Amino acid sequence: MDNYTVYAPPYTIGEAAYDKIPEYARLYGTRAAVIGGRKAMKAAGDRIRAALKDSGIELSDFICYGTECTFEAARKLAAIPDVRDADMIFAVGGGKAIDTCKLVSLDLKKPYFAFPTIASNCSAASSLSIVYHEDGSFCDFVHFLDSARHVFIDTRIIAQAPEQYLWAGIGDTYAKYYEVDLSARGEDLPHYLALGVHMSRMCMETLVRHGEQALKDNRIGEPSYALSQAALAIIITTGWVSMLVARDHNMDYNGGAAHAFFYGLCNLPGFDEDHLHGVVVSFGVLLLLMMDGREEECRRLQDFNRKVGLPVKLSDIGVTIDEVRACAPAMTRDEDLEHYPYQVTEEMIIEAAKKLL
Ligand SMILES: [Zn+2]
1 MDNYTVYAPP
11 YTIGEAAYDK
21 IPEYARLYGT
31 RAAVIGGRKA
41 MKAAGDRIRA
51 ALKDSGIELS
61 DFICYGTECT
71 FEAARKLAAI
81 PDVRDADMIF
91 AVGGGKAIDT
101 CKLVSLDLKK
111 PYFAFPTIAS
121 NCSAASSLSI
131 VYHEDGSFCD
141 FVHFLDSARH
151 VFIDTRIIAQ
161 APEQYLWAGI
171 GDTYAKYYEV
181 DLSARGEDLP
191 HYLALGVHMS
201 RMCMETLVRH
211 GEQALKDNRI
221 GEPSYALSQA
231 ALAIIITTGW
241 VSMLVARDHN
251 MDYNGGAAHA
261 FFYGLCNLPG
271 FDEDHLHGVV
281 VSFGVLLLLM
291 MDGREEECRR
301 LQDFNRKVGL
311 PVKLSDIGVT
321 IDEVRACAPA
331 MTRDEDLEHY
341 PYQVTEEMII
351 EAAKKLL
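For the sequence shown, this note's numbering begins at 1 and goes up steadily by one.
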């Protein structure tokens, strides 16, 4: 086996998580460029500033990344003198803002720290950037970037974010377990893959246990234990798993039928804009389980979905069986199904969907 290095960024979580920033940032220099989403910097800016007061670390003015993670936006940011002259980048916000900062960090060869302000995806802890075109359509995946030097999760900021992010994040996160576990079925796994596959179980278990309470606490802005556990599952566990189970393009256990289902449906006009990714993916997991002959597990997950308001039947995502039929060929060709223990056919998808009407 070739040399192989595993990265899993350390994290600090809590209501005073930002107090730890100077301790770790100091290792990389004295000047940080702060880049993020407009709302995110409004939510986190004062707290970051307060944490770095008298720390000897100088912050740039807050720089808005734009509205979409594009190569163009990253290029523009990398040309800003405050960013060029900085020793490190503070990436503040949701997935798109942090993914944009990853591209800037790659371009300028500067380390970055991640400050997720919503618990919706694992961008802060993963080494992947999902790049879009200016019009919002998908452009490219940039894999195997450096991971963040440290992830700082302020639970008060997470608790005050709209609950819709957490809601969709729950579906996308438990999908990680079902997809990774199925991708790796029956295989003799080397250390890092086995770590990732075993750890992926926590993407599901933590959310089934704490998800409902976490949503309630998010609704009232309470940075509770349940909410912090859910945020860690969504941001950290999933990020670590995604790095561990992807060594290169030939051996990538990320993705599976739930994502293939979502991307297939994106062939329907306007589907992408009208639906939250994680919500549709959560239904895709039910379909995955039906195709895999695990009806009992599917019913168990439907019970959970019902409790948190995620979809339990096809009409809950506003899709008809004819639309599934129309998109089934694209689903079977999706690259998420490249590493799968068996061939997924159009008939299997349609039959499973019929059981979920
Ligand atoms: Zn996803």
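Beta carbons: idealized from backbone N, C-alpha and C, even for Gly. None of these values were measured; they are calculated from a predicted model.
N- and C-terminal bounds of the beta strand (DSSP E) containing residue i
| i | result |
| --- | --- |
| serine 129 | 129 to 132 |
| glycine 309 | No beta strand (DSSP E) contains glycine 309, which DSSP labels as neither H nor E. |
| glycine 14 | 11 to 14 |
| phenylalanine 144 | Taken as a continuous stretch (DSSP letters only), phenylalanine 144 belongs to no beta strand (DSSP E), as it is neither H nor E. |
Residue-level contact to chain D via CB, residue i, 8 angstroms cutoff
| i | result |
| --- | --- |
| aspartate 336 | You won't find chain D in this structure, because it holds only one protein chain. |
Selection from the options that minimises the alpha carbon distance to residue i
| i | options | result |
| --- | --- | --- |
| tyrosine 340 | Arg294, Arg300, Tyr253 | Tyr253 |
| cysteine 101 | Thr70, Thr117, Ile118, Pro81 | Thr70 |
| proline 81 | Val104, Thr67, Gly66, Gly94 | Val104 |
| lysine 39 | Gly94, Pro9, Tyr24 | Gly94 |
| glycine 293 | Glu351, Gln229, Glu335, Ala214 | Glu351 |
| glutamate 15 | Arg306, Ser127, Pro223 | Pro223 |
| alanine 233 | Tyr7, Lys176, Leu268 | Lys176 |
| leucine 189 | Trp240, Met251, Arg219 | Met251 |
| glycine 196 | Val208, Ala44, Leu207, Glu179 | Glu179 |
| aspartate 322 | Ile158, Val312, Glu346 | Glu346 |
| proline 329 | Met348, Gly318, Phe271 | Met348 |
| serine 127 | Val34, Leu286, Arg149, Ala159 | Arg149 |
| glycine 169 | Pro10, Gly318, Met291, Glu212 | Glu212 |
| proline 111 | Ala161, Tyr28, Leu301, Arg201 | Tyr28 |
| histidine 362 | Pro311, Leu244, Arg47 | The structure shown has nothing for residue 362, since the chain only spans 1 to 357. |
| alanine 125 | Gly136, Ile157, Val92 | Val92 |
| leucine 244 | Lys313, His275, Leu106, His191 | His191 |
| aspartate 146 | Ser183, Ile89, His275 | Ile89 |
| leucine 106 | Asp135, Ala119, Arg75 | Arg75 |
| histidine 210 | Leu166, Gly239, Asp248, His198 | Leu166 |
| arginine 333 | Pro10, Leu59, Ala260 | Ala260 |
| leucine 59 | Lys96, Ala43, Glu68, Ile21 | Ile21 |
| proline 9 | Val34, Leu286, Ser123 | Ser123 |
| glutamate 163 | Ser129, Leu286, Cys327, Arg219 | Arg219 |
Per-residue burial, residue i [other beta carbons within 10 Å of its own, 16 or more giving buried]
| i | result |
| --- | --- |
| glutamine 343 | exposed |
| alanine 407 | Since the displayed the chain opens at 1 and closes at 357, residue 407 lies outside it and no answer follows. |
| glycine 284 | buried |
| leucine 414 | Shown here, the chain extends from 1 to 357; a query on residue 414 therefore has no answer. |
| aspartate 217 | buried |
| histidine 133 | exposed |
| asparagine 121 | buried |
| alanine 25 | buried |
| alanine 50 | exposed |
| threonine 358 | Coverage of the chain is limited to positions 1 through 357, which leaves residue 358 absent and any answer about it impossible. |
| glycine 361 | Any property of residue 361 remains undetermined from this structure, which presents the chain solely from 1 to 357. |
| glycine 221 | exposed |
| arginine 47 | buried |
| leucine 442 | Limits of the chain in this structure are 1 at one end and 357 at the other, which puts residue 442 out of reach. |
| valine 241 | buried |
| leucine 193 | buried |
| glycine 37 | buried |
| serine 137 | exposed |
| tyrosine 4 | exposed |
| threonine 238 | buried |
| threonine 155 | buried |
| valine 131 | buried |
| tyrosine 11 | buried |
Expected contact under 8 angstroms - CB spacing of residue i and residue j to nearest Å
| i | j | result |
| --- | --- | --- |
| leucine 288 | alanine 257 | 4 angstroms |
| alanine 32 | alanine 86 | 6 angstroms |
| phenylalanine 262 | valine 281 | 5 angstroms |
| valine 83 | isoleucine 98 | Contact doesn't hold; Cβ gap of about 15 angstroms is too wide. |
| leucine 108 | alanine 78 | 5 angstroms |
| glycine 255 | aspartate 316 | About 23 angstroms; that fails the 8 angstroms criterion. |
| alanine 17 | isoleucine 153 | 6 angstroms |
| alanine 114 | valine 142 | Not really, about 16 angstroms apart at Cβ, beyond 8 angstroms. |
| serine 200 | aspartate 181 | 6 angstroms |
| isoleucine 157 | threonine 117 | 5 angstroms |
| valine 324 | leucine 215 | In fact, because the Cβ distance is near 28 angstroms, the residues do not count as touching under 8 angstroms. |
| tyrosine 174 | methionine 202 | 10 angstroms between Cβ atoms; not a contact. |
| leucine 314 | leucine 268 | About 13 angstroms separates the two Cβ atoms, so there is no contact after all. |
| alanine 230 | alanine 119 | 6 angstroms |
Range of the contiguous alpha helix (DSSP H) that encloses residue i
| i | result |
| --- | --- |
| alanine 328 | 321 to 333 |
| arginine 31 | Where arginine 31 is concerned, there is no enclosing alpha helix (DSSP H), although the beta strand (DSSP E) it sits in stretches over 31 to 36. |
| glycine 239 | 238 to 244 |
| isoleucine 21 | 21 to 25 |
| lysine 355 | Here lysine 355 belongs to no alpha helix (DSSP H), and DSSP marks it neither H nor E. |
| glutamate 273 | 271 to 274 |
| alanine 257 | 257 to 265 |
| valine 281 | 277 to 291 |
Cβ-heavy atom distance, residue i to ligand 3, below 7 angstroms
| i | result |
| --- | --- |
| aspartate 172 | By its list of ligands, the structure shown excludes ligand 3, since it contains just ligand 1. |
At 4 residues or longer, what runs of the alpha helix (DSSP H) sit wholly inside the segment 151 to 231? Within the segment 151 to 231, the complete alpha helix (DSSP H) runs of at least 4 residues fall at 155 to 160, 163 to 183, 191 to 219.
Ignoring anything shorter than 3 residues, give me the beta strand (DSSP E) runs that lie fully in the segment 45 to 115, in order along the chain. 88 to 93, all fully within the segment 45 to 115.
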